[in-house]
Amino acid sequence: MTAARTALLTALVLTLSAPLPARAAGLPPIIVPTYTCDSVRGDPGRTVLFGNCSASLGAVTNGDFAGEAIGAARDVSLRIKCVDGGTAAVPDEVALQTCAQAR
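FYI, the numbering for the sequence shown is -24 to -1, 1 to 79, going by mature numbering (1 follows the signal peptide of the UniProt record, and there is no 0).
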């Protein structure tokens, strides 16, 4: 094996064994699921949106989900950001965990 070929194979192995970046540059941002309902009740720990609910494309519509979600209530012009997932039962209600009013 020639020295040039050995160097090329070594460089290739080192490149392929490097960890991948968490997000590749140039990709669109990750879409946060959004739920919109008529009304809202609860508190920041557990907020329930209810009545005529809809979910953004790709959001869980029936069952538990993890991670961030945005909630909006039509009747009171409220928008919240929640960070600990929740449970969806669209179109009846969506329960969200650990929420704060979004700016």
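The C-beta atom is built at its ideal place from N, Cα and C for all residues, glycine as well.
* To do: Determine the burial state of residue 7: buried for a count of at least 16 other Cβ atoms within 10 Å of its Cβ, exposed for fewer.
  => exposed
* **Proximity winner among 54, 72, 64 and 45, relative to residue 79 (alpha-carbon distances)** => Check the Cα spacing between residue 79 and each of 54, 72, 64 and 45: the tightest is with 54.
* To do: In angstroms with no decimal places, state the Cα-to-Cα distance between residue 35 and residue 52.
  => 23 Å
* Asked: Applying the criterion that 16 or more other CB atoms from any shown protein chain within 10 Å of the CB defines a buried residue, is residue 39 buried or exposed?
  -> Exposed is the call here.
* May I have the straight-line CA-CA distance separating residue 18 from residue 74, to the nearest angstrom? => 11 Å
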